[in-house]
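For the sequence shown, position 53 (counting from the first letter as 1) is numbered 53 according to the UniProt record's numbering, and the numbering increases by one without interruption.
We put the beta carbon where it would ideally sit given N, CA and C, even for glycine.
Below is one structure, written out as structure tokens, with a few remarks after it.
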Amino acid sequence: MAPKRTTRSTPATTTTTTTSVTDTQLKALIDQGVANALAARDADRSRNGEDSHDSRIGVRRQAP
Numbered sequence: 001m002a003p004k005r006t007t008r009s010t011p012a013t014t015t016t017t018t019t020s021v022t023d024t025q026l027k028a029l030i031d032q033g034v035a036n037a038l039a040a041r042d043a044d045r046s047r048n049g050e051d052s053h054d055s056r057i058g059v060r061r062q063a064p
């Protein structure tokens with residue numbers, strides 16, 4: 001005969017803590033994230049908006 005299954009009489013309880021955020025606080029967090037993203041983008045740009053493919057100095061030579 002198969003063993004009897006046992007079940008809990010009370011299910012496990014999980015507790016979640018939530019914090020309310022005002023519209024003003026949310027907007028400030030979004031603005032801060034946008035400012036950080038723009039600063040990171042600007043820091044990654046090479047000088048004068050040139051990328052690594054434009055690093056040569058001088059005029060291009062034409063193939064003979």
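Query	Result
Can you give me the Cβ contacts of Ala12 inside the same chain, cut-off strictly under 7 Å, excluding the 5 residues immediately before and after it?	none
For Ser9 and Val21, I'd like the C-alpha separation in whole angstroms.	37 Å
Once DSSP output is grouped into helix, strand and coil, what is the label at Lys4?	coil
From the DSSP output, in three-state form, read off Val21 for me.	coil
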